[in-house]
Amino acid sequence: MGSSGVATRSDTALGWRAGRGALAGTVVRVVLCALAVLLFCGPLVTVFSGAFDDSHDPTALSVVPAHATLANFEAASGHDIWRYFANSLIVAGGALLLQLLVSVFAAYALARKRFRGQAITMLVILTTMMLPEEVIAIPLSLVLGDLPVVHMSLRGTLLGIILPLGAWGFSIFVMTEFMREIPVEIEEAAKVDGAGELRVFARIILPLCRPALGVIAVFGFNMIWDQYLLPLIVATDRDGYTLTVALSTLRADDQVGAGVVLAGALLALVPSLAVYLSLQKSFLRGITTGA
Numbered sequence: 023m024g025s026s027g028v029a030t031r032s033d034t035a036l037g038w039r040a041g042r043g044a045l046a047g048t049v050v051r052v053v054l055c056a057l058a059v060l061l062f063c064g065p066l067v068t069v070f071s072g073a074f075d076d077s078h079d080p081t082a083l084s085v086v087p088a089h090a091t092l093a094n095f096e097a098a099s100g101h102d103i104w105r106y107f108a109n110s111l112i113v114a115g116g117a118l119l120l121q122l123l124v125s126v127f128a129a130y131a132l133a134r135k136r137f138r139g140q141a142i143t144m145l146v147i148l149t150t151m152m153l154p155e156e157v158i159a160i161p162l163s164l165v166l167g168d169l170p171v172v173h174m175s176l177r178g179t180l181l182g183i184i185l186p187l188g189a190w191g192f193s194i195f196v197m198t199e200f201m202r203e204i205p206v207e208i209e210e211a212a213k214v215d216g217a218g219e220l221r222v223f224a225r226i227i228l229p230l231c232r233p234a235l236g237v238i239a240v241f242g243f244n245m246i247w248d249q250y251l252l253p254l255i256v257a258t259d260r261d262g263y264t265l266t267v268a269l270s271t272l273r274a275d276d277q278v279g280a281g282v283v284l285a286g287a288l289l290a291l292v293p294s295l296a297v298y299l300s301l302q303k304s305f306l307r308g309i310t311t312g313a
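Each residue of the sequence shown is one higher than the one before, counting from 23 in my numbering.
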């Protein structure tokens, strides 16, 4: 029996043939990977290098600092960068905790209960995600200046930034869809065994939602940390600025060098990176399981 003479081949994940065109495919892959690394890692490396470089020329940024120094961080400290950093941490921590609480309880009601107007409620929540910040900036400023019923002003306080960020439609939507995937039989079996509503929620539903909690925690923290317009309209003086607002004022100051701004930008990157690394396992599980 003669051989058919048909050459075997295999396809890679990107669709390139391994065999006759293997060398060309490898070259293309290396070039594409190098471009991806340059596009995504290049700015980060430049920020890191510029933060430790003593050059005052904003056009002289390099991958490796010519003269490594901590002078930029010392100069940033002179501009109260650590106070703004602390304000951002307080806002992000308080708002994220409130956002998680609101999201899990709202999602539990929307996913596990049945009531009139449920679809309309979900539609209203999703609609809030489509409103630009600029549209609600003025009404929100008026409300924070004179809270209904209590007639108290939250302008100039960190609480005025935390409260509006305590509910986010994206987090509620993600948690609702994840809770709907939990089999009802598990909840019914727990109730047959004598577990109450609160115990079922705390001991069964929440542990099963850890991947989704990781997803909304990472996205929620980044959303809160990157806020600019809300802290700007709430603050009445520089003491109430968050780090994002402070960086914009430093950038507009001609007397402040680029290295000082990059030092502040590097500080702003650390918390987001730390949150992602600490919740990486839950975040990836939530993404892969459809959260």
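Glycine included, each C-beta is placed from N, C-alpha and C at the ideal position.
Three-state class that DSSP yields for residue i in the structure shown
i: ALA88; result: coil
i: ASP76; result: coil
i: SER26; result: The predicted position of SER26 is uncertain, since its pLDDT is 45 and thus under 50; a value taken from the coordinates is nonetheless stated next. SER26 falls in the coil class under three-state DSSP.
i: MET144; result: helix
i: TRP247; result: helix
i: LEU263; result: Before going on, a small fix: residue 263 reads as Tyr here, not Leu. Coil.
i: PHE137; result: coil
i: VAL165; result: helix
i: CYS231; result: coil
i: LEU36; result: Confidence at LEU36 is low in this model, with a pLDDT of 48, below 50, so its placement is unreliable and the value that follows should be read with caution. Residue state, collapsed to three classes: coil.
i: VAL172; result: coil
i: PRO186; result: helix
i: GLU203; result: coil
i: MET197; result: helix
i: VAL278; result: coil
i: ALA114; result: helix
i: LEU153; result: coil
i: THR179; result: coil
i: ALA217; result: coil
i: ALA257; result: coil
Cβ-based burial, residue i [other Cβ within 10 Å; buried from 16]
i: CYS231; result: buried
i: ALA129; result: buried
i: LEU36; result: Model confidence at LEU36 stands at a pLDDT of 48, short of 50, so the residue's coordinates are unreliable and nothing is read from them.
i: SER193; result: buried
i: VAL206; result: exposed
i: GLN140; result: exposed
i: MET152; result: exposed
i: MET201; result: buried
i: GLN302; result: exposed
i: TRP104; result: exposed
i: VAL146; result: exposed
i: MET197; result: buried
i: GLY100; result: exposed
i: TYR250; result: exposed
i: ALA114; result: buried
i: LEU220; result: exposed
i: LEU306; result: exposed
i: ILE238; result: buried
i: LEU265; result: buried
Residue i: CB within 7 Å of a non-hydrogen atom of the ligand ADP
i: GLY262; result: Among the components of this structure there are no ligands whatsoever, and the ligand ADP is therefore not found.
Option in the options with minimal Cα separation from residue i
i: GLN121; options: VAL171, ILE160 and TRP190; result: TRP190
i: VAL317; options: ALA93, GLY64 and PHE107; result: Residue 317 lies beyond the residue range present for the chain, which begins at 23 and ends at 313; the question has no answer from this structure.
i: LEU166; options: GLU210, PRO186 and ALA287; result: PRO186
i: ALA287; options: ASP276, ASP275 and ALA268; result: ALA268
i: GLU209; options: ALA133, ARG177, ALA46 and PRO253; result: ALA133
i: LEU169; options: LYS213, GLY182, SER125 and ALA58; result: GLY182
i: ILE246; options: SER110, GLU199, ALA257 and GLN277; result: SER110
i: VAL283; options: LEU295, SER294, PRO293 and SER270; result: SER270
i: ASP76; options: PHE223, ALA285, ALA296 and SER304; result: ALA285
i: VAL278; options: ARG136, PHE223 and GLU96; result: GLU96
i: LEU299; options: ARG260, VAL240 and THR258; result: VAL240
i: ARG273; options: GLY116, LEU54 and ALA98; result: ALA98
i: PHE107; options: GLU203, ALA290 and LEU164; result: ALA290
i: LEU123; options: SER304, LEU235, THR266 and ILE226; result: LEU235
i: ILE255; options: ILE160, ILE227 and ARG225; result: ILE160
i: LEU180; options: LEU295, GLY116 and GLY281; result: GLY116
Residue-chain proximity (residue i, chain D), Cβ-Cβ < 8 Å
i: THR68; result: In summary, chain D is missing from the structure at hand, where a single protein chain is found.
What are the uninterrupted segments assigned as alpha helix (DSSP H) that are 4 or more residues long and contained completely in the stretch 284-311, given in chain order?
302-310
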